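Protein chains in written order, with UniProt numbering: chain A, 1 to 305; chain B, 1 to 305. The C-beta atom is built at its ideal place from N, Cα and C for all residues, glycine as well. Just so we're clear, the structure is a prediction, and the values are computed from it rather than from any experiment.
Protein chains: 2
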Amino acid sequence: MIELRHLRYFRVLAETLHFGKAAELLHISQPPLSRQIALLEEALGVKLFDRSRRRVELTEAGRRFYLDTGAVFSAFEQAKRNALATARGDAGELSVGFMMSTAYSITPTVTRRYAAHYPQVNLKLAETLPLDLAEDIYSGNKDVAIMYRPQDCTGLETITIFREPMMVVLPPGHRLRGRDVIDPAELAGEIFIVTPKRIAPALHDMIVSYCLQHGVTPNVGLEINMQQSIVNLVGEGMGIAIVPRSMRNMRLSTTTFKPLKNAPIIEVVAVWKNDNHNPCIATFVESAEQAWRDVEAAWSEEERC
Amino acid sequence: MIELRHLRYFRVLAETLHFGKAAELLHISQPPLSRQIALLEEALGVKLFDRSRRRVELTEAGRRFYLDTGAVFSAFEQAKRNALATARGDAGELSVGFMMSTAYSITPTVTRRYAAHYPQVNLKLAETLPLDLAEDIYSGNKDVAIMYRPQDCTGLETITIFREPMMVVLPPGHRLRGRDVIDPAELAGEIFIVTPKRIAPALHDMIVSYCLQHGVTPNVGLEINMQQSIVNLVGEGMGIAIVPRSMRNMRLSTTTFKPLKNAPIIEVVAVWKNDNHNPCIATFVESAEQAWRDVEAAWSEEERC
DNA sequence: GCCTCGCATAGTCACAAGCTATAGAACAAT
DNA sequence: ATTGTTCTATAGCTTGTGACTATGCGAGGC
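Below, the structure is given as structure tokens:
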């Protein structure tokens, strides 16, 4: 059976055309080289060298074989490089799911950064309802999710990649538009627009329990799946809402965002299954963490100014 | 050092995902397979399989490596095929030189046939003066020459690939135009247009000695290198000439070709050096010989009709 | 004609690939 | 739980073969 050894020996001999020198380059002695070349020729059924006892030269077939075995080694080296890169998470494929409500904040930052640092990774991004995200991670359908911290995390790894306070959004001409900070107690009686508990349990529970803690039972007049839609509907005068601060980035002129007293902090996390061995997960998470540190640093810089 | 054996084992295991079955397919027992896979992983520095004691599956890197090693084996198989084809003379490069005077007869027939049968051979055709052809063969500059049989053939192999009688060409309005066959004795006093002895010794000597045998000393009034030019000049009334029959194929309306009594036969041969090991020479010569047999068969068919 | 060069052959050694036997983990069935 | 089954890994031995040294032998050079 022909092995890479035979091809290695052949190529060095083809380059030197001298058994002694080739053997020296290969760190073996001359007789085994003679023997291995003879075995190679026998296995191929083709004479690769014309050799008198004095001179060695390539046959036509040998010349051809020299060119072609170059491709064999290129392919082999490429295979090794790719395997290493893939194992390190520098190359491969990564499916990332994200909640639409992070599309104005951390998701673009993180994914742009990752794509720039790891161009050999084929990054597949898909907007997904929070409800489905955890399921996709469990099933292995997606590798990483960017979502609000889920309540049940058994078998999952999470890391915080974004934190922001919740704010209240007010419709045009609302009685509280003049205020700097709003106490939730003042929101009693307002119509609240909220995501359904089924779709985004963490977010829903956070808002409800925050209100209850401040003595208000929110009057949920409208259930809407997406944060963006909620803000739009507030703009249409359908009610008020408590949403993550980054929703301001929608820059909808009809709405007003106001800080809340003792505002709850919402946490966006990257989530992955700890027995999912796609090595790109590690590089992605590392990159996302760094992106968050950069954002935090930029914010404290802003505050100082 | 990683050998093809490791890659072969890896690929079968990657396909079966079962050490026992893979080992059986490879006609080895299971323990050495485990060991060789472990050695491969160690040499690469990459885990290729996730294996519990119970289940085997590919890692990301392993999946990638499986794809890439496919290319390694493709390249290797290609190299083997090409080496075999080259050794058999089915592929490669062949330089063929030919005299322009065969451009109306055997050269197109032979080369078209060869190109059709051996499409993988890169055939390099070059028109060459007979003088230079032998030299090109000796020096290895060309592999095969198509030419009139040379006088000195030491170190050369030759094979006849075409035979044709010489004919006399007459200018417009010549006194002998009405004759069916011409006796060379009747050509006494005519101006002969002949190739210089230096350029095509075989052809020159054949014509001169033929004339002498028939009691005529040819009056060489014009020396012209190429047969085609000679026929053209006969058409211009510059003299008469004795040329190979296939020169009729020029279809020059001003000239008249007449058979000669006891016409000498000119032989076109393929010539190659017997220590030139280009395997395409063998296939080319074989093909040329067959082409000649076909032409002969077609001729005797014509005569019968 | 002798010497040198350089590839091939002969004979020996050692390493590693392969074998058998078995341990030990994971899962299934009772 | 317990036992059986199914796999992979490990241990220890055997053997094939790649590599080494010594030498043969033909081709050129002096």
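About 12 Å separates the CB atoms of residue 246 (chain B) and residue 148 (chain B); that is not less than 8 Å, and the two are not in contact. Scanning the segment 30-109 of chain A for uninterrupted beta strand (DSSP E) segments of 3 residues or longer gives 49-51, 56-58, 92-98, listed from N- to C-terminal end.
The way I'd put it, the segment 178-188 of chain B doesn't touch the segment 264-281 of chain B; fewer than three beta-carbon pairs between them come closer than 8 Å. In this chain, residue 130 (chain A) is not harboured by any beta strand (DSSP E); it is covered by the alpha helix (DSSP H) spanning 130-139. Taking 7 Å as the upper bound on Cβ-Cβ separation, chain A lies near residues 80, 82, 83, 84, 86, 87, 92 of the segment 80-93 of chain B. Annotation: residue 248 (chain A) to residue 122 (chain A) spans about 31 Å, alpha carbon to alpha carbon.
For residue 112 (chain A), the closest alpha carbon among the candidates A:288, A:300, A:296, A:60 is that of A:288. Listed along chain B are 79, each with a C-beta nearer than 7 Å to that of residue 69 (chain A). In terms of Cβ geometry, residue 181 (chain A) and residue 257 (chain A) do not form a close pair [threshold 8 Å]. Nearest to residue 110 (chain B) by alpha-carbon distance, out of B:238, B:162, B:277, is B:162. The contact set of residue 76 (chain B) on chain A, defined by CB atoms closer than 7 Å, consists of 72 in chain order.
In the three-state reduction of the DSSP assignment, residue 186 (chain B) falls in the helix class. Against chain B, a Cβ distance below 7 Å from residue 46 (chain A) picks out 83, 84, 87. The DSSP-derived three-state label of residue 166 (chain B) is strand.
The C-beta distance from residue 94 (chain B) to residue 132 (chain B) rounds to 18 Å, too long to meet the 8 Å contact threshold. Using a Cβ-Cβ cut-off of 8 Å, residue 143 (chain A) does not count as an interface residue toward chain B, since no Cβ of chain B sits closer than that to its own.
Beta-bridge partners assigned by DSSP to residue 250 (chain B): none are found. 8 Å or more divides the Cβ of residue 254 (chain B) from the Cβ of residue 224 (chain B). Contact between the segment 8-28 of chain B and the segment 46-56 of chain B is present: three or more C-beta pairs spanning the two stretches fall below 8 Å.
Of all residues in the segment 272-294 of chain B, only 277, 278, 279, 280 place a beta-carbon less than 9 Å from a beta-carbon of chain A. Counted as a single uninterrupted DSSP element, the alpha helix (DSSP H) harbouring residue 202 (chain B) occupies residues 201-213. Per DSSP, residue 195 (chain B) lies in no alpha helix (DSSP H) segment and is marked neither H nor E. Of all alpha-carbon atoms in B:285, B:69, B:87, the one lying nearest the alpha-carbon of residue 79 (chain A) is that of B:69. Residue 61 (chain B) belongs to the set of residues whose beta carbon lies under 8 Å from a beta carbon in chain A.
Taking 8 Å as the cut-off, the beta carbon of residue 190 (chain A) is found closer than this to the beta carbon of residue 240 (chain A). Fully enclosed beta strand (DSSP E) runs of no fewer than 3 residues occupy 241-244, 256-259, 265-273 of the segment 231-293 of chain A, in order along the chain. Residue pairing from DSSP places residue 148 (chain A) in a beta bridge opposite A:268. For residue 15 (chain A), there are no C-beta contacts with chain B under 9 Å, since the nearest C-beta of that chain is about 16 Å from it. The Cβ atoms of residue 71 (chain A) and residue 75 (chain B) lie closer than 8 Å to each other.
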